[in-house]
Amino acid sequence: MEHDMMDSRSNPNMATRSELPGDRMIAALEASTDRMIAWKGPIWRLCFGAVAMTTIALAVLVFVSRA
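Be aware that the sequence shown starts at 283, since it is given in my numbering, and climbs by one per residue.
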């Protein structure tokens, strides 16, 4: 009974940040880029991650501002 109240599928207005449609795609992209650059050093991974997250954030901002 308590689980039904927290289920965002039964009430779309209660969707949390982790349940948005693009999050699975973003998580898959992050996992694939982690595998792709796993052989490089931690400094490179940090820089690449910062660039990737900035790009994703800008894309989300543009998408939200147009909606």
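Note that CB positions come from ideal geometry on N, CA and C, so glycine has one too. Note that this is a predicted model, so its numbers are computed, not measured.
Nearest-angstrom beta carbon gap, residue j and residue i [assumed within contact, 8 Å]
i, j, result
"A334", "T315", "6 Å"
CA-to-CA distance, residue j to residue i, given in whole angstroms
i, j, result
"T336", "E312", "13 Å"
"V344", "A332", "18 Å"
"A309", "L328", "17 Å"
"V346", "I338", "12 Å"
Delimiting residues of the alpha helix (DSSP H) encompassing residue i
i, result
"G331", "P324 to R348"
Cβ-based neighbour list, residue i, same chain, cut-off 7 Å, excluding 5 preceding and 5 following
i, result
"G304", "none"
"R348", "none"
beta-carbon residue i near the ligand GDP non-hydrogen atom, thresh 7 Å
i, result
"F345", "With respect to the ligand GDP, the structure shown offers nothing to examine, as it has no ligands at all."
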